Amino acid sequence: MNARPKKSFGQHFLHEKRYIERIVSSIAPKDGDTVVEIGPGEGAMTLPLLAVAKTMTAIELDTDLIPALQERANAIGELRIVHSDVLKVDFGALARELGAEKLRIAGNLPYYISSPILFHCVDHASAIQDMHFMLQKEVVDRMAAEPGSKVYGRLSVMLQLACKVTPLFTVPPGAFRPPPKVDSAVVRLVPLPPGQLPDAAPEKIHRVVKAAFAMRRKTLSNTLKGLLDETTIRDLGIDPRARAETLAPLDFVKLANAM
Ligand code: SAM
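Per my numbering, residue 882 is the first one in the sequence shown, and the count goes up by one each step.
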């Protein structure tokens, strides 16, 4: 199979065997796991994963790729391909349909919608055991960034409040066909157990984090005007003259609860 990769679907097919093997061994699927791949493409990761997992589900938007992938997979195991935009898939409903307590999600993600996919998965985190994603390295750096770092921002806070984020390894452009313009990296996300999740309404957290990072160089008293006054911020033990990039993820939970 050597379909012409479609730019509009963010297609960069992985072909270097050693990276495929590293991804599969990082996921380490076990018999009985319910593995769901986002964007299987021509099956670079799907077929080796299927060989271990025996049954799995894959969600692919490009109909042109599905028949050939299904045929190759049939010789290896039971692959169920769902033709859909992953952003429309309700992972909770999918888990119930598959009779699984939790899903193990994996994918070399289409980079043009990687952040929406990450947020979509976080919204369904209670149905997910773990996620292994290939993304632009720059995105993985932002996801794992700590307060004070130049790349610490909305993505870092929102993901770290929901998951343990572990960058695993970098993958060079030459490992893909066609090569993307940037380095890629594989990251593991493990949703936090319910007891460690923030006790604030998700919409409030979204609002406060978005507002705080909207103008990175401004102080909280400026960016949060209309949401929280200076005294309230100070009473939480947070300096209203500080910038969002210096706050720990849990500080945003305190701010959200005070709104
Ligand atoms: N997993 C394959 C690999 O590693 O070679 C392909 C990865 S390619 C970067 C991204 C894949 O996601 C493509 O197969 C593309 O068609 C698919 N895709 C793009 N947008 C999608 C969407 N919204 N929902 C599901 N799949 C999508």
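Where a beta carbon is used, it is the ideal one built from N, C-alpha and C, also for glycine.
Since we're looking at a predicted model, the values are computed, not measured.
Proximity winner among the options, relative to residue i (alpha-carbon distances)
i: alanine 1125; options: Gly1029, Pro1060, Ala1066; result: Gly1029
i: glycine 922; options: Pro1072, Pro1130, Leu1108, Asp945; result: Asp945
i: histidine 896; options: Arg1058, Leu990, Gly988, Ala949; result: Arg1058
i: valine 1089; options: Leu1078, Ile919, Asn1103, Gly1076; result: Asn1103
i: lysine 1135; options: Arg1122, Asp1116, Thr1127, Ala1123; result: Asp1116
i: alanine 1008; options: Glu941, Ser907, Pro1074; result: Pro1074
i: leucine 960; options: Leu979, Gln1041, Gln892; result: Leu979
i: arginine 1023; options: Gly1055, Ala1066, Lys1062; result: Ala1066
i: proline 948; options: Leu968, Ala884, Gln1041; result: Ala884
i: glutamate 1019; options: Gln1010, Ser995, Gln1041; result: Ser995
i: lysine 969; options: His1005, Ala987, Gln892; result: His1005
i: lysine 1085; options: Gly1076, Lys1099, Leu1105, Val1068; result: Leu1105
8 angstroms contact criterion, which residue i and residue j should meet: CB distance rounded
i: arginine 903; j: phenylalanine 1050; result: 6 angstroms
i: alanine 1137; j: alanine 1093; result: Not really, about 10 angstroms apart at Cβ, beyond 8 angstroms.
i: leucine 975; j: valine 916; result: No, leucine 975 and valine 916 are not in contact; Cβ-Cβ is about 12 angstroms, not under 8 angstroms.
i: tyrosine 992; j: glutamine 1017; result: 5 angstroms
i: histidine 1001; j: isoleucine 908; result: Between isoleucine 908 and histidine 1001 the Cβ distance is about 20 angstroms, and since that is not below 8 angstroms, they are no contact.
i: methionine 1015; j: valine 1052; result: 7 angstroms
i: leucine 1108; j: methionine 1140; result: 6 angstroms
i: cysteine 1044; j: leucine 1070; result: 4 angstroms
i: arginine 977; j: aspartate 914; result: That belief does not hold up - the Cβ atoms of arginine 977 and aspartate 914 are roughly 16 angstroms apart, past 8 angstroms.
Strand pairing of residue i, partner residues [DSSP]
i: alanine 1017; result: The sequence shown places glutamine at residue 1017, rather than the alanine named in the question. Answer is Ser1065.
i: histidine 964; result: Glu941
i: isoleucine 1086; result: Looking at the DSSP assignment, isoleucine 1086 forms no beta bridge with any residue, so it has no partner.
i: proline 921; result: Bridge partners of proline 921: none, in fact.
i: histidine 927; result: The question names histidine, but residue 927 in the sequence shown is threonine. Threonine 927 pairs with nothing; no bridge assigned.
i: glutamate 959; result: Thr936
i: proline 1072; result: Cys1044
i: valine 905; result: Note: valine 905 sits in no beta bridge, so no partner.
i: leucine 1078; result: DSSP, once it has assigned bridges, lists no residue as partnering leucine 1078.
Sequence-distant residues of its chain with Cβ nearer than 8 angstroms to residue i (five each side left out)
i: glycine 958; result: Leu931, Ala932, Ala934, Lys935, Thr936, Met937
i: alanine 925; result: Phe894, Leu895, His896, Ile901, Asn989
i: threonine 927; result: Glu918, Pro921, Met937, Ala939, Leu950, Ala954, Leu960
i: proline 929; result: Ile901, Glu902, Val905
Residue i at chain B interface by Cβ criterion, 9 angstroms
i: arginine 1122; result: The question asks about chain B, but that chain is absent: this structure has only one protein chain.
Chain-order list of residues whose beta-carbon lies under 6 angstroms from that of residue i (same chain, five-residue window excluded)
i: valine 963; result: Ile940
i: valine 1038; result: Val1090, Pro1130, Phe1133
i: aspartate 943; result: Phe890
Heavy atom of the ligand MG within 8 angstroms of residue i beta-carbon
i: isoleucine 994; result: Ligands present in the displayed structure are limited to the ligand SAM, and the ligand MG is not among them.
(request) Only counting runs of 4 or more residues, tell me where the alpha helix (DSSP H) segments fall wholly within the stretch 1097 to 1137, in order along the chain. (result) Unbroken alpha helix (DSSP H) runs of no fewer than 4 residues, entirely contained in the stretch 1097 to 1137, are found at 1101 to 1104, 1111 to 1116, following chain order.
(request) Return the chain-ordered ranges of every alpha helix (DSSP H) run that is complete within the stretch 982 to 1015 and spans a minimum of 4 residues. (result) Given a length threshold of 4 residues, each whole run of the alpha helix (DSSP H) inside the stretch 982 to 1015 is given here in chain order: 995 to 1004.
(request) Quick one: which unbroken alpha helix (DSSP H) runs of 4-plus residues sit fully inside the stretch 1030 to 1056? Chain order, please. (result) As far as the stretch 1030 to 1056 is concerned, its whole alpha helix (DSSP H) runs of at least 4 residues are 1035 to 1043.
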